[in-house]
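Going letter by letter, the sequence shown gives residues 0 to 429 in numbering that gives the first Met the number 0. Just so it is clear, CB atoms sit at the ideal spot from N, CA and C, and this is done for glycine as well. Please read these numbers as outputs of a predicted model, since none were measured by experiment. This report concerns only the one structure given below.
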Amino acid sequence: MVPKVNSGANVYGVLQYNRIKVEAGEGRILYMQGIPECSDGRFSIEECAEAFGYYTALNPRVRKPVVHFSLNPSPEDRLSEAQLTRLAAEFMERMGYGRQPYVVFLHEDIARRHMHVVSVRVDEQGRKIDHNNELRRAMAVCRELEHEYGLHVPEDGGVQTEPEELHRVDYLRSDLKHQLRNVVMTLKQQYGFQSLAEFNTLLERYGLAAEEIRGDVQGRPYWGFVYHVLDDDGQRTGAAVKASRLGDFFGWKALEEKFDASKQRLRQHPETLDRTRREIDRARSGSRNRKEFTAELRKNGIDAVFRENDAGRIYGVTFIDRTTHQVFNGSRLGKEYAADAFEAWFNGREQESSTPIQEELRPLAPLEPPQPGLSSVEEFEEYIETHYVSMPDVIGELMEYKPEKEWETAPEYRLFPRRKKRRRKIRKRI
């Protein structure tokens, strides 16, 4: 069973997300604790928010009092609703939320049924429930429940892979805001990134782009954060959606907090960077061109996204590591992983492949020895002395050679008379 953990300050956003699933027939409520049921049996956001609000009001200093757990059993575990409810209750008890108000939703929008549990981090005494290492503790609790109930253990150790329910955003559908929330919320939960550019590289895969807007109108400064929907060609389509309409979790402030959390996590786990560098080096050493390089990286769980200008020059590269769930601009990994390094490498390889191969140098045929028709040793020695330089004579000339100054042997030197060196007179001291 794979857990996911998310927290925030806006309870309406997470409840609205689950209500849409319920009204669309893709989910239903399994269990509610500490929340009064409506007389007509329907799910009421107002009733839930009021129940949660009573607890959060006891400690207004808690900045993110709302917690949202997602519990994903293996598709091979055929569990009944009663078993799922018991698993959720056991999970909340061991995580320290056993006496808190919470609601359990069952989602069936994909083949893998999973649960979403919403609660608050302030207890009835106004004390904040410990949330340190909450994801790590959640994974440990899931391992305990799998062992006790005989459930399948995920092969990846409990790290959630690319979500099945995440699809490209369609601007023409009526639930645009719901699509935006689903994509942004899932990617922020799944991946670590440290800049808006890295976040946009993720969003573009699902037809979205985020933009920070600053300007001045009639002398008054304004600031905003919006999301754009992209068409198949990567161009913006339709009107931008303000982040404020989606909730605080989707705004710039929450995004900056995500940047800081990702930086801190990498400082604590530097081996994450080393793993990505190691795979890039391995793919680069075994590839001859860009196509082979990206294909080799993809086999090892890394997507390379290159950005080019109109002239085809690479000016940016981003790596999405789907194993460690981290996004890195190439320059963040080091100078040798930046865009300029890959531009030089790819162009160098292309030039090598386009350069015509020179003809192989062949050795010259050996000279045929003369055939003077000599009949004796004396005639042979006379022939050598006449036609060839004697080796002892050559050596002797080299040994007798005395180098002169080059300017003294030049023809121009003879045009000028040689000046005599003036002798210095030594004066006697009196």
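- Message: According to DSSP, simplified to helix, strand and coil, what is residue 268?
- Response: coil
- Can you tell me the Cα-Cα spacing of residue 272 and residue 253, whole angstroms? Between the alpha carbons of residue 272 and residue 253 lies a distance of about 24 Å.
- Determine, using beta-carbon pairs with one atom in the stretch 270–285 and one in the stretch 204–222, whether at least three such pairs fall under 8 Å. no
- Exposed or buried, which one is residue 56 when buried takes at least 16 other CB atoms within 10 Å? exposed
- Query: Under the three-state reduction of DSSP, which class applies to residue 6: helix, strand or coil?
  - Reply: strand
- Note down, in chain order, each residue of its chain lying with its Cβ closer than 8 Å to the Cβ of residue 283, except the 5 sequence neighbours on either side. 292 and 344
- Item | residue 325 burial status per 10 Å Cβ neighbour count (16 or more: buried) | buried
- For the putative contact between residue 20 and residue 104, defined by C-beta atoms under 8 Å, what is the C-beta separation to the nearest angstrom? 7 Å
- Task: For residue 13, I'd like the list of residues in its chain whose CB is within less than 6 Å of its CB, leaving aside the five on either flank, ordered along the chain.
- Result: 67 and 117
- C-alpha distance - residue 261 paired with residue 268, whole-angstrom precision: 10 Å
- Item | Distance CB(residue 313)-CB(residue 342) smaller than 8 Å | yes
- Query: Got a sec, what are the start and stop residues for the beta strand (DSSP E) residue 69 sits in?
  - Reply: 65–71
- Task: Provide the residue(s) that pair with residue 117 in DSSP beta bridges, ordered along the chain.
- Result: 67 and 102
- Message: Just to confirm before moving on: does the CB-CB distance between residue 107 and residue 223 stay below 8 Å?
- Response: no
- Report the rounded CA-to-CA distance for residue 338 versus residue 233, giving the unit in angstroms. 21 Å
- Query: Helix, strand or coil: how does DSSP classify residue 167 here?
  - Reply: coil
- Is the CB-CB distance between residue 168 and residue 205 below 8 Å? yes
- Task: Please go through the same chain and pick out, in chain order, the residues whose beta-carbon is closer than 8 Å to the beta-carbon of residue 329, but skip the five residues on each side of it.
- Result: 315, 316, 317, 318, 336, 337, 338, 340 and 341
- Host alpha helix (DSSP H) of residue 296 (start-end): 289–298
- What are the complete beta strand (DSSP E) segments, minimum 3 residues, inside the stretch 183–263? Considered as a whole, the stretch 183–263 harbours 207–216, 219–229 and 235–241 as its complete beta strand (DSSP E) runs of no fewer than 3 residues, in chain order.
- Query: Within this structure, are the beta carbons of residue 113 and residue 78 separated by less than 8 Å?
  - Reply: no
- Query: Quick one: Cα of residue 28 to Cα of residue 101, how far?
  - Reply: Approximately 11 Å between the Cα atoms of the pair.
- Message: Can you tell me where the beta strand (DSSP E) holding residue 315 begins and where it ends?
- Response: 313–320
- Task: Say whether the stretch 118–137 touches the stretch 1–12, bearing in mind that this needs 3 or more beta-carbon pairs closer than 8 Å, one atom from each stretch.
- Result: Taking 8 Å as the limit for Cβ pairs, the verdict is that the stretch 1–12 does touch the stretch 118–137.
- Item | Beta-ladder partner(s) of residue 19, from DSSP | Answer is none; residue 19 lacks a bridge partner.
- Message: Does residue 34 come out as helix, strand or coil in the three-state DSSP assignment?
- Response: coil
- Item | Range covered by the beta strand (DSSP E) that runs through residue 304 | 301–307
- Message: Assuming residue 325 is part of the beta strand (DSSP E), what are its boundary residues?
- Response: 325–328
- Message: One question on the structure: do residue 10 and residue 58 come within less than 8 Å of each other, judged by their Cβ atoms?
- Response: no
- Query: Can you name the residues that DSSP bridges to residue 140?
  - Reply: According to DSSP, which records beta bridges pairwise, residue 140 is partnered with nothing at all.
- Message: By the three-class DSSP mapping on this structure, what secondary structure does residue 1 have?
- Response: strand
- Going by Cα to Cα distance, which pick from 16, 72, 81 and 287 is closest to residue 30? Out of 16, 72, 81 and 287, the CA that lies nearest to the CA of residue 30 is found in 81.
- Message: From the DSSP secondary-structure annotation, give me the bridge partner or partners of residue 26.
- Response: According to DSSP, residue 26 bridges with 106.
- Task: Could you round the C-beta distance between residue 119 and residue 65 to whole angstroms and report it? I think they count as a contact, below 8 Å.
- Result: 6 Å
- Item | Closest by C-alpha distance to residue 304, when choosing among 226, 199, 255 and 243 | 199
- Item | Proximity below 8 Å, CB of residue 228 to CB of residue 237 | yes
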